[in-house]
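Undergrad:
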Amino acid sequence: PARPRVFSGIQPTADSFHLGNYLGAVRNWVTMQETHDTVYCVVDLHAITAGHEPATLRQRIRLAAAQLLAVGLDPDRCTLFVQSQVPEHAQLAWVLNCITGFGEASRMTQFKDKSARQGADRSSVGLFTYPILQAADILLYQADAVPVGEDQRQHLELTRDLAQRFNSRFGPTFTVPAPHIIRDTAKITDLQDPTAKMSKSSSSPAGIIELLDEPARSAKKIRSAVTDTGREIIFDPEQKPGISNLLTIYAALTGRTIDDLVQAYDGKGYGDLKKDLGQVVAEFVEPIRQRTQQYLDDPAQLDKLLAVGAEKARAVAAVTLREAYDRIGF
Ligand code: ADP
Ligand code: NA
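Set out below in structure tokens:
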């Protein structure tokens, strides 16, 4: 039988991905290549919803693709492409816009958060309909599952609702996808504000570990992480969010269990843990940075690889769009 298909996307809205993106999502994209039919997308249409600069965006699209290849996506085993190169995404999004309730879209908390930060009048309609475009991304590929962090759960629910609604109104067309949220690392938090998620849009660069950081800089960020009162190294995300986040990262990058780490650091201080983890992180990011640079050194080759990916994606997307168009009377 065919392998189950997964779809996932990431925005090219920063030069570098951060450790939350990697541990909450992208790391799993790599392993799923072994077991699933995997479709991965650099979602540049999403990246213009909150204002952007064209030359920077063009560079960040390449940077995103290069980093995904550098962490282990293999274009022979997955479909890796750039969203704007497959016009069916925008086309299906329009159809889904027309079956989404205004009130329903208004309930999306990520829009509320982002528009509150930007000011309601300065937020674009594109930012408002962002989750509907996301639904189109997923449904075009008839994905069975979507590997994302906890922050995307509500958007996934909307995608499922829209698929079910379309199917019952116009006839069976879309696979209803399941969320695939990696429990342990679904939420990596900000090093300077450990109750908030680590995010590109974080106010302090010291709060995020960027994959393209120089290793010494990563180590320094870990050493300067905000930790909690008390001195005991225990895992308690409620009472000790700072140290718990560091333990989560440590466990995820080394494969050791949290319990094992807690035991190993029994009687030691925060400083010891941070020093060791700083080194673990530095050693982890350095080869990624180097491989990313190698891909960027040959942009023509990178663009060619992405064009091939877009062809592969389009072969699937066009079939789904045609079917949806038939259903609605086009
Ligand atoms: P950001 O929130 O930094 O803008 P994106 O929205 O581009 O990042 O998210 C890309 C992927 O990374 C999504 O699957 C998202 O769930 C995941 N992700 C983002 N931040 C975190 C985090 N702090 N912890 C775990 N996963 C995260
Ligand atoms: Na996000």
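End of the sequence shown = 334 in the UniProt record's numbering, gap-free, step of one. Where is the CB? At the ideal position from N, CA and C, for every residue including glycine.
1) So does K191 have its beta carbon nearer than 7 Å to some heavy atom of the ligand ADP?
2) Residue ranges of each beta strand (DSSP E) run of no fewer than 3 residues wholly in the region 25-56, ordered along the chain?
3) Is there contact between the region 174-185 and the region 327-334, where contact requires at least three CB pairs shorter than 8 Å?
4) Kindly examine the ligand ADP and report whether one of its heavy atoms sits closer than 7 Å to the Cβ of I136.
5) Looking only at C-alpha atoms, which of V34, E287, A268 sits nearest to I238?
6) C82 bridges to which residues according to DSSP?
7) Is T163 buried or exposed, if buried means 16 or more other CB atoms sit within 10 Å of its CB?
8) With 16 as the cutoff for other CB atoms within 10 Å, does R326 come out buried or exposed?
9) Following the continuous beta strand (DSSP E) through P151, name the residue where it begins and the one where it ends.
10) Taking the alpha helix (DSSP H) that G313 falls in, what are its first and last residues?
11) Counting along the chain, where does the beta strand (DSSP E) carrying I14 start and finish?
12) If you draw a straight line from the alpha carbon of A69 to that of R9, how long is it in whole angstroms?
13) Could you give the DSSP three-state label for T17: helix, strand or coil?
14) By the 10 Å Cβ neighbour count, where 16 or more other Cβ atoms means buried, how is R66 classified, buried or exposed?
15) Which same chain residues, not among the five before or five after R81, have their C-beta less than 6 Å away from its C-beta?
16) At the level of alpha carbons, what is the spacing between H159 and L137?
17) From V285 to Y299, what distance separates their C-alpha atoms?
18) May I ask which residues mark the beginning and end of the alpha helix (DSSP H) holding residue 349?
19) How many angstroms separate the CA atom of K224 from the CA atom of R62?
20) What would DSSP say about P135, mapped onto helix, strand or coil?
21) In terms of residues, what are the limits of the beta strand (DSSP E) holding P183?
22) Leaving out five residues before and five after A321 in sequence, what residues of the same chain have Cβ atoms less than 6 Å from its Cβ?
23) Round the Cβ separation of L215 and V150 to the nearest angstrom and send it over; I've been treating them as touching at under 8 Å.
24) Say yes only if the C-beta of K201 is nearer than 7 Å to one or more non-hydrogen atoms of the ligand ADP, and no if none qualify.
25) Could you give the residue range of the alpha helix (DSSP H) that holds S228?
26) Quick one: is R31 buried, meaning 16 or more other Cβ sit within 10 Å of its Cβ, or exposed?
27) When you compare only the Cα positions, how much space is there between Q15 and V86?
28) Roughly how many whole angstroms lie between the Cα atoms of V323 and G259?
29) Taking 8 Å as the threshold (C-beta atoms), are I247 and T233 in contact?
30) Check for me: the alpha helix (DSSP H) holding A94 runs from which residue to which?
31) Along the alpha helix (DSSP H) that carries H159, what are the first and last residues, could you check?
32) Is V242 helix, strand or coil by DSSP?
33) Can you round the beta-carbon distance between T42 and T83 to whole angstroms, since I take them to be within the 8 Å contact cut?
34) By how many angstroms is the C-alpha of E242 removed from the C-alpha of A200?
TA: Walking through what the data contain:
1) Translated into the one-based positions of the sequence shown, residue 191 becomes position 187. At least one heavy atom of the ligand ADP is nearer than 7 Å to the Cβ of K191, so yes.
2) 41-46
3) yes
4) Here residue 136 refers to the residue found at position 132 of the sequence shown. No, the Cβ of I136 stays beyond 7 Å of every heavy atom of the ligand ADP.
5) As a position in the sequence shown, residue 238 is number 234, starting the count at 1. Closest by alpha carbon: A268.
6) Position 78 of the sequence shown, counted from the start, is the residue given in the question as residue 82. For C82, DSSP records a beta bridge to T42.
7) The residue labelled residue 163 in the question sits at position 159 within the sequence shown. Label assigned to T163: buried.
8) Walking along the sequence shown from the start, residue 326 turns up at place 322. Result: exposed.
9) As a position in the sequence shown, residue 151 is number 147, starting the count at 1. P151 -> beta strand (DSSP E) spans 149-151.
10) The residue given as residue 313 occupies position 309 in the sequence shown. Looking at the DSSP string, the run of the alpha helix (DSSP H) that includes G313 is 303-332.
11) The residue labelled residue 14 in the question sits at position 10 within the sequence shown. Start and end: 9-14.
12) Along the sequence shown, one-based indexing puts residue 69 at 65. Along the sequence shown, one-based indexing puts residue 9 at 5. Taking the straight line joining both Cα atoms gives about 20 Å.
13) If you number the sequence shown from 1, residue 17 lands on position 13. Note: T17 maps to coil in three-state DSSP.
14) By 1-based counting over the sequence shown, the position of residue 66 is 62. Buried, by the Cβ-count rule.
15) On the sequence shown, position 77 is the one that residue 81 refers to. Hits under 6 Å: Q37.
16) Sequence index remark: in the sequence shown, residue 159 carries index 155 (1-based). Sequence index remark: in the sequence shown, residue 137 carries index 133 (1-based). One C-alpha to the other measures close to 10 Å.
17) On the sequence shown, position 281 is the one that residue 285 refers to. On the sequence shown, position 295 is the one that residue 299 refers to. Near 22 Å, if we compare the C-alpha coordinates of Y299 and V285.
18) Coverage of the chain is limited to positions 5 through 334, which leaves residue 349 absent and any answer about it impossible.
19) Taking the first residue of the sequence shown as position 1, residue 224 is located at position 220. Taking the first residue of the sequence shown as position 1, residue 62 is located at position 58. Each residue's Cα considered, the two are about 30 Å apart.
20) Locating residue 135 in the sequence shown gives position 131, where the first residue counts as 1. In this structure, P135 counts as helix in the three-state DSSP scheme.
21) Position 179 of the sequence shown holds residue 183. In this chain, the beta strand (DSSP E) harbouring P183 covers 182-184.
22) Along the sequence shown, one-based indexing puts residue 321 at 317. Taking C-beta separations shorter than 6 Å and ignoring five residues to either side along the sequence, the partners of A321 in its chain run V90, E92, L144, following chain order.
23) Within the sequence shown, residue 215 is the residue found at index 211, counting from 1. Within the sequence shown, residue 150 is the residue found at index 146, counting from 1. With a Cβ gap of about 22 Å, L215 and V150 do not count as contacting.
24) If you number the sequence shown from 1, residue 201 lands on position 197. Indeed, a heavy atom of the ligand ADP lies less than 7 Å from the Cβ.
25) Position 224 of the sequence shown, counting from 1, holds the residue named residue 228. Here S228 belongs to no alpha helix (DSSP H), and DSSP marks it neither H nor E.
26) Translated into the one-based positions of the sequence shown, residue 31 becomes position 27. So R31 counts as buried.
27) In the sequence shown, counting from the first residue as 1, residue 15 sits at position 11. In the sequence shown, counting from the first residue as 1, residue 86 sits at position 82. If you take the alpha carbons of Q15 and V86, they lie about 10 Å apart.
28) As a position in the sequence shown, residue 323 is number 319, starting the count at 1. As a position in the sequence shown, residue 259 is number 255, starting the count at 1. Roughly 41 Å separates the two Cα atoms.
29) Here residue 233 refers to the residue found at position 229 of the sequence shown. Here residue 247 refers to the residue found at position 243 of the sequence shown. Cβ atoms of T233 and I247: not closer than 8 Å.
30) For the purposes of this step, residue 94 is identified with residue 90 of the sequence shown, where counting begins at 1. Per DSSP, A94 belongs to the alpha helix (DSSP H) from 92-101.
31) One-based indexing of the sequence shown puts residue 159 at position 155. Run containing H159: 157-174, per the alpha helix (DSSP H) assignment.
32) Taking the sequence shown and counting its residues from 1, the one referred to as residue 242 is at position 238. The residue asked about is misnamed: residue 242 is Glu in this sequence, not Val. For E242, the three-state secondary structure derived from DSSP is coil.
33) Numbered from its first residue, the sequence shown carries residue 42 at position 38. Numbered from its first residue, the sequence shown carries residue 83 at position 79. About 7 Å separates the two Cβ atoms, so the contact holds.
34) Residue numbering aside, residue 200 sits at position 196 when the sequence shown is read from its first letter. Residue numbering aside, residue 242 sits at position 238 when the sequence shown is read from its first letter. Their Cα atoms are separated by approximately 12 Å.
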